[in-house]
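Everything on this sheet refers to the single structure shown next.
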Amino acid sequence: MIYTNSDGGARGNPGPGAIGVIIRDREKIISQYGAFLGRSVTNNIAEYEGLIKALELASKITNEEVTCLLDSELVVKQLLGEYRVRNPDLMKLFLKVQKLQENFKRIRYLYVSRENKFQQMADEILNEELNKRGFKKKFNFRK
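The working numbering numbers the first residue of the sequence shown as 1141 and each following residue consecutively.
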């Protein structure tokens, strides 16, 4: 089974946004990915974009089982059908995730704390993307 940890964030909401993704086989990291999304991105859009990239990368490794870990309770609950997707921009991304699910025999979505070590790595990757483009951190959410 492949595990993904994805994170998306914006400095400001909306603001400059980026994603960070870790693809792993339990503890062994297979690949890492980071990308800048743009200057006006919401946190929720960034979270979905991170998951989309994670699913695209995982599909190059397996078509069997994938477990996707995210620190966005909203995204996880929307994907599990516990919350409705009301925002039209999020609906487009939600549908893209639904389409990508077809690449796997089994997929699970799990909410994890920001304290999860792999989630922290994904967060560091997205912050590096923002930092190298000159968008310095305005807030420190981890204390």
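The beta-carbon is built from N, C-alpha and C at its ideal position, and this holds for glycine as well.
Starting from residue i, trace the beta strand (DSSP E) both ways and give me its first and last residue.
i	result
Val1206	Glu1205 to Leu1210
Leu1177	Lys1168 to Val1181
Val1161	Gly1155 to Asp1165
Thr1144	Ile1142 to Ala1150
Is the separation between the beta-carbon of residue i and that of residue j shorter than 8 Å?
i	j	result
Asn1084	Ile1162	With the chain covering 1141 to 1283 only, the question about residue 1084 has no answer from this structure.
Gly1174	Gly1160	yes
Leu1209	Gln1259	yes
Can you give me the Cβ contacts of residue i inside the same chain, cut-off strictly under 7 Å, excluding the 5 residues immediately before and after it?
i	result
Ser1171	Ile1163 and Leu1197
Ile1169	Ile1162
Glu1268	Gly1174
Name the two residues that bound the continuous alpha helix (DSSP H) containing residue i.
i	result
Leu1250	Looking at the DSSP string, Leu1250 is not in any alpha helix (DSSP H); the run it does join, the beta strand (DSSP E), is Arg1246 to Tyr1251.
Leu1240	Pro1228 to Gln1241
Asn1267	Lys1257 to Lys1272
Leu1219	Glu1213 to Leu1219
So residue i packs on residue j, CB below 8 Å; how close in whole Å?
i	j	result
Arg1166	Tyr1188	With 8 Å as the limit, Arg1166 and Tyr1188 do not qualify as a contact, their Cβ atoms being about 25 Å apart.
Val1206	Phe1176	At roughly 25 Å, the Cβ-Cβ gap does not stay under 8 Å, so Val1206 and Phe1176 are not in contact.
Leu1235	Leu1195	Actually they are not in contact, since the Cβ atoms of Leu1235 and Leu1195 sit about 13 Å apart, beyond 8 Å.
Tyr1249	Val1216	5 Å
Gly1149	Leu1266	5 Å
Asp1147	Asp1263	5 Å
I need the DSSP call for residue i, collapsed to helix, strand or coil.
i	result
Cys1193	According to the sequence displayed, residue 1193 carries Lys and not Cys. Helix.
Tyr1223	coil
Ile1185	helix
Excluding the five sequence neighbours on either side, which residues of its own chain have a C-beta within less than 6 Å of the C-beta of residue i, listed in chain order?
i	result
Met1261	Ile1162
Ser1212	Glu1187
Glu1204	Lys1245
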